[in-house]
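Chemist: To convert, note that position 184 of the sequence shown is 165 in our numbering; the numbers rise steadily by one, no gaps.
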Amino acid sequence: MKKVVAFLDLLGFRRHLKGNPKEAAHLIESYNTIIDSRFMDKVSSLKKDFKYPEFSKFEIDSFEYFLPFSDSIFIMSDKPNKFIQQLSTFLIDCYLFTANRYLYPTKEEDPTLVEVIHLIRSPQEIKKHKEKIHWYPTIFRCGITYGEAFPIQPLMIDMYKRTETGNLFGEAVVDAVELEELKAKGPKILCNELFFEQLNEENKIYVREYNHKTYEILWPAYKYISSDGEIELNEIDNLLGPTISLWKSINHTELSKYYFNFIEIIVQGSIRYFENVNLKSQAIEKIKQILKNDGMEAKEEILFD
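1. Could you tell me how far apart the beta carbons of residue 123 and residue 170 are, in whole angstroms, since I believe they sit closer than 8 Å?
2. Is residue -10 helix, strand or coil when you go by DSSP?
3. With distances taken from CA atoms, which of 152, 136 and 155 is nearest residue 146?
4. Give me the Cα-Cα distance between residue 12 and residue 120, rounded to the nearest whole angstrom.
5. Should the segment 203 to 220 be called in touch with the segment 251 to 258, which here means at least 3 C-beta pairs below 8 Å?
6. According to DSSP, is residue 44 helix, strand or coil?
7. Return the Cβ separation of residue -6 and residue 8 in integer angstroms, given the expectation that the two are a contact with Cβ distance under 8 Å.
8. Do residue 186 and residue 220 have their C-beta atoms closer together than 8 Å?
9. Buried or exposed: where does residue 84 fall if 16 or more other Cβ atoms within 10 Å of its Cβ makes it buried?
10. Are the Cβ atoms of residue 168 and residue 50 separated by less than 8 Å?
11. Going by C-alpha distance, which of 6, 93, 67 and 0 is nearest residue 36?
12. Considering residue 191, what are the terminal residues of the beta strand (DSSP E) in which it resides?
13. Buried or exposed for residue 126, going by 16 or more other Cβ atoms inside 10 Å?
14. Can you give me the start and stop residues for the alpha helix (DSSP H) that residue 86 sits inside?
15. By Cβ distance below 7 Å, which residues in the same chain neighbour residue 237 in space, the five residues on each side in sequence not counted?
16. Just reading off the alpha helix (DSSP H) that residue 126 is part of, what are its end residues?
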């Protein structure tokens, strides 16, 4: 059967695991929290009561299978257009889960370092314990394909007990992994031509050609809500500001290209979105102001190209 298959790789997980397993585990906890909240939220009732179909992109009802393993996730769907919207907002929420801390960091040279307070209870008193840990950004690189894929339920052993687990197989599964293994620098979503052809014009607006028969989804564009009009211009900084902070902290290192590419994806995705709602010039001015405030005027030509 023809299905959409996405393969997600959690960026930085292995590197963080070698440094501090507890901090690496926080990345998995972050996306688990987002998935759990989407099961429990009331976006569906909001959509029905107030007739805002756009809010459906904040759900996960297009996720037929969501199968995590270590630092990877497979997702299968039979709704290409709804899926790309819901996957994009899932990725956005995963990033925003900790991103606000990077805007006002404890240390500018290390914006992921935060101080948390634990309450330790005893029969006599409650003590506060301060701990400095890293809250790394939960960001993914992703390959998406459309083709033959099938769910299976192979046997597994869980705590010495025989049970079953979910798994996928098929040509689309292999192709999705191969797309992710192109190792594009940064949190990019790449898709093949077969998936691109399944998209309607509403979603093709946010796709650009990556190379021959491979396309890139400008997924940050799905953050914005058209019913909020010009108010949404202020949301640009909620994505762009933290990412600039991360990039500046590792500029001139091997990893800086990853975050600079992330900045570029946010800029281009935002421009595409606001162009579609006739606010392109206002969005460009907003982005230029953010770049100026962060001393990045020299990068405008590259980012707007």
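Glycine included, C-beta positions come from ideal geometry on N, C-alpha and C.
Modeler: According to the structure shown:
1. Sequence index remark: in the sequence shown, residue 123 carries index 142 (1-based). Sequence index remark: in the sequence shown, residue 170 carries index 189 (1-based). Right, their Cβ atoms sit about 4 Å apart.
2. Counting from one through the sequence shown, the residue named residue -10 turns up at place 9. If DSSP states are grouped into helix, strand and coil, residue -10 belongs with the strands.
3. Along the sequence shown, read from residue 1 onward, the residue named residue 146 stands at position 165. Minimum Cα distance to residue 146 is reached at 136.
4. Position 31 of the sequence shown, counted from the first residue, corresponds to residue 12. Position 139 of the sequence shown, counted from the first residue, corresponds to residue 120. Their Cα atoms are separated by approximately 9 Å.
5. yes
6. For the purposes of this step, residue 44 is taken as residue 63 along the sequence shown, with counting starting at 1. DSSP places residue 44 in coil when its eight states are reduced to three.
7. Indexing the sequence shown from 1 puts residue -6 at position 13. Indexing the sequence shown from 1 puts residue 8 at position 27. Indeed they touch by this definition, with Cβ atoms about 6 Å apart.
8. Within the sequence shown, residue 186 is the residue found at index 205, counting from 1. Within the sequence shown, residue 220 is the residue found at index 239, counting from 1. It is not a contact, given that the beta carbons lie outside the stated cut-off.
9. In the sequence shown, the residue the question calls residue 84 occupies position 103. The residue is exposed, with fewer than 16 neighbouring Cβ atoms inside 10 Å.
10. Start at 1 with the first residue of the sequence shown, and residue 168 comes out as number 187. Start at 1 with the first residue of the sequence shown, and residue 50 comes out as number 69. No, the Cβ-Cβ distance between residue 168 and residue 50 is not below 8 Å.
11. Within the sequence shown, residue 36 is the residue found at index 55, counting from 1. The candidate whose alpha carbon is nearest that of residue 36 is 67.
12. Along the sequence shown, read from residue 1 onward, the residue named residue 191 stands at position 210. Start and end: 188 to 192.
13. Locating residue 126 in the sequence shown gives position 145, where the first residue counts as 1. When all chains shown are included, residue 126 counts as buried.
14. Start at 1 with the first residue of the sequence shown, and residue 86 comes out as number 105. Here residue 86 belongs to no alpha helix (DSSP H), and DSSP marks it neither H nor E.
15. Translated into positions along the sequence shown, residue 237 becomes position 256. Only 228 and 231 meet the Cβ criterion.
16. Here residue 126 corresponds to residue number 145 of the sequence shown, with the count starting at 1. Premise fails: residue 126 lies in the beta strand (DSSP E), 121 to 129, not in any alpha helix (DSSP H).
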